[in-house]
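One structure is given here, and the rest of the page talks about it.
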Amino acid sequence: MEKAFDRVWKDGLRLKLRKNGISRCMFKWISQYLNNRKARVHVNGTYSRKKTLREGVPQGGVLSPTLFLIFINDIVKDLPRNVHGAICADDLVLWCSEEYTSTADYRLQEALNILEKWTKQWLKTINSAKTTYTAFGLSTKEQKVTLKLNGQALPAEDNPTYLGVTFDKRLTWKEQTEKAEVRAKARLAIMKKLAGTQWGANARILKTMYTGRVRPVLEYGVSACVSAWGTAAKSNLDKITKVQNQATRVITGAMKSTPIKELETITGLAPIVQRKDSKLLIQAAKFRQTARAPNERQNVTTSEKEAEKGEFSTSNLDGRLVVKATLPHNNPSTLSDEDGDINAAAAAAEYDGDDDDDDDDDDDDDDDDDYDNAAATAAVAVVAAAADDDDDDDNNNNINNNNDDDYVGGGGGGGRGY
Numbered sequence: 074m075e076k077a078f079d080r081v082w083k084d085g086l087r088l089k090l091r092k093n094g095i096s097r098c099m100f101k102w103i104s105q106y107l108n109n110r111k112a113r114v115h116v117n118g119t120y121s122r123k124k125t126l127r128e129g130v131p132q133g134g135v136l137s138p139t140l141f142l143i144f145i146n147d148i149v150k151d152l153p154r155n156v157h158g159a160i161c162a163d164d165l166v167l168w169c170s171e172e173y174t175s176t177a178d179y180r181l182q183e184a185l186n187i188l189e190k191w192t193k194q195w196l197k198t199i200n201s202a203k204t205t206y207t208a209f210g211l212s213t214k215e216q217k218v219t220l221k222l223n224g225q226a227l228p229a230e231d232n233p234t235y236l237g238v239t240f241d242k243r244l245t246w247k248e249q250t251e252k253a254e255v256r257a258k259a260r261l262a263i264m265k266k267l268a269g270t271q272w273g274a275n276a277r278i279l280k281t282m283y284t285g286r287v288r289p290v291l292e293y294g295v296s297a298c299v300s301a302w303g304t305a306a307k308s309n310l311d312k313i314t315k316v317q318n319q320a321t322r323v324i325t326g327a328m329k330s331t332p333i334k335e336l337e338t339i340t341g342l343a344p345i346v347q348r349k350d351s352k353l354l355i356q357a358a359k360f361r362q363t364a365r366a367p368n369e370r371q372n373v374t375t376s377e378k379e380a381e382k383g384e385f386s387t388s389n390l391d392g393r394l395v396v397k398a399t400l401p402h403n404n405p406s407t408l409s410d411e412d413g414d415i416n417a418a419a420a421a422a423e424y425d426g427d428d429d430d431d432d433d434d435d436d437d438d439d440d441d442d443d444y445d446n447a448a449a450t451a452a453v454a455v456v457a458a459a460a461d462d463d464d465d466d467d468n469n470n471n472i473n474n475n476n477d478d479d480y481v482g483g484g485g486g487g488g489r490g491y
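Quick note: the sequence shown uses our numbering, first residue 74, plus one each step.
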């Protein structure tokens, strides 16, 4: 997008802040933060006159990235069927997978029309000069694609770069691996200058240099794009493997005739291919863990006896770990239904934050706001994917929340390993 931060429509941003449920006080604070901002130019000791900035969020402001993301978050909301989108800062990518190129062309053009309409509605501008398209596929024939944005035909790009990852039409990742190889070898050359049999850095320092400066360059595609190494051609992976083989010899000072497996054992460095498979599995586990949270929420019920204690039980629904929030103490008789259970949504709705029968001391009055917040969040449960079937027994245990916590989050975590 052109001038991403400088061209944010302030009134439109305020509208979206309200739609996203920003509290009244926070809304007023942010409005004052954006209003009547002035700027001037300083050249050779001379200042220009101040000018009021009618639009945009402050450059360098800590809130600016968040406010900008709130403003553009719905840009991919109403895309056509089978068209997907992703946003990172001011970079937007749309993609569509179809059996026939003509079908993908039609759907993407429809998505571009929606995008163009969005930019006009919210007073943003897409930089057509930096917008390209790529037709991915195994066919060697040139694909006929005609996509237009703002009346201008988009140029084709065989090797587009997005978030530092260079793609190619056949997804062999040749360009990405070659670029990584060149950068890694340049850093490896510095390691060689610091290594010597009788002088220079020892093996521990050299290994730290490799794992901190060289290997991240080789493995960047794994974290940036899961499929980047999952579909890479073996010949391209071999180029990356050779760089690590050279590094193991630099670290140990061994001769070229030394077997690579022995060097990997001595240095404790796992093979690149093995690390690739491990990272892919970890990334897939993270996707599985967060695929349905926190967008999905579900009302929960608990027994009357547990509700009196301010507790909610955990349960496992369809392989998802459900963790309940603490409900402030209230009169159970007003919350019970015919089955003797208490619906958390109804409980939160009936709780107004005023407890006439509260016997707490005056020193606890400051906690009323915390209870109000807890009541507002008690109606929903955070739903996250269960990390492991072995944890099912633990998921059925009760969770007692501390008084300082409004809710308890749950879910497994991915581990680091080879």
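By construction, the Cβ of each residue, glycine as well, lies at the ideal position given by its N, Cα and C atoms.
Nothing here was measured: the structure is a model prediction, and the numbers come from that model.
Tell me whether residue i is buried or exposed, calling it buried when 16 or more other Cβ atoms sit within 10 Å of its Cβ.
i: T321; result: buried
i: A177; result: buried
i: M173; result: Per the sequence shown, the amino acid found at residue 173 is Tyr instead of Met. Answer is exposed; the Cβ neighbour count stays below 16.
i: K92; result: exposed
i: R348; result: buried
i: G129; result: buried
i: R154; result: exposed
i: I160; result: exposed
i: E292; result: buried
i: C169; result: buried
i: I263; result: exposed
i: V287; result: buried
i: A226; result: exposed
i: L261; result: buried
i: Y120; result: exposed
i: V135; result: exposed
i: F360; result: exposed
i: A357; result: exposed
Please state whether DSSP places residue i in a helix, a strand or coil.
i: L140; result: helix
i: A358; result: helix
i: K221; result: strand
i: Y106; result: helix
i: Y206; result: strand
i: F78; result: coil
i: A162; result: coil
i: M328; result: coil
i: E498; result: The structure shown does not extend to residue 498, since the chain is modelled only from 74 to 491, so the question has no answer here.
i: I345; result: helix
i: V316; result: helix
i: E215; result: coil
i: Y179; result: helix
i: L336; result: helix
i: S96; result: coil
i: I145; result: helix
i: G85; result: helix
i: D350; result: helix
i: L90; result: helix
i: T321; result: helix
i: L390; result: Low per-residue confidence applies at L390: pLDDT is 42, beneath 50, and the placement is therefore not dependable enough to give any value.
i: K101; result: helix
i: Q132; result: coil
i: T198; result: coil
What does a CB cutoff of less than 8 Å around residue i pick up in its chain, not counting 5 residues either side in sequence?
i: K329; result: R322
i: L167; result: V149, L152, V156, H157, G158, L181, A184, L185, L188
i: L86; result: L107, V130, L140, I143, F144
i: A229; result: T205, Y206, T207, A208, V218
i: N117; result: none
i: K280; result: I324, T340, G341, L342
i: N223; result: E189, I199, S201
i: V346; result: L310, T314
Give the DSSP bridge partners of residue i, in chain order.
i: T125; result: K111
i: Y120; result: H115
i: W168; result: H157
i: A226; result: K221
Using C-beta distances below 6 Å, list every residue in its chain close to residue i, excluding the 5 sequence neighbours before and after it, in chain order.
i: L267; result: G273, A274
i: K242; result: F209, D231
i: T125; result: K111
i: K221; result: none
Checking contacts by CB at 7 Å: is residue i closer than that to chain B?
i: L136; result: The displayed structure is made up of one protein chain only, and chain B is not part of it.
Please return the same chain residues whose Cβ sits closer than 7 Å to the Cβ of residue i, not counting the five positions on each side in sequence.
i: D435; result: Low confidence applies to D435: its pLDDT is 44, below 50, so where it sits in the model is not reliable, and the reading given next is rough at best. There are no such residues.
i: L90; result: F100, I103, I143
i: W195; result: W82, G85
i: T239; result: N232, E248, Q249, K252
i: T192; result: T198, I199
i: K258; result: V316
i: L336; result: T321, R322, T325, A327
Which whole runs of the alpha helix (DSSP H) in the stretch 235-314 are 4 residues long or more, in chain order? 247-267, 276-282, 288-297, 299-303
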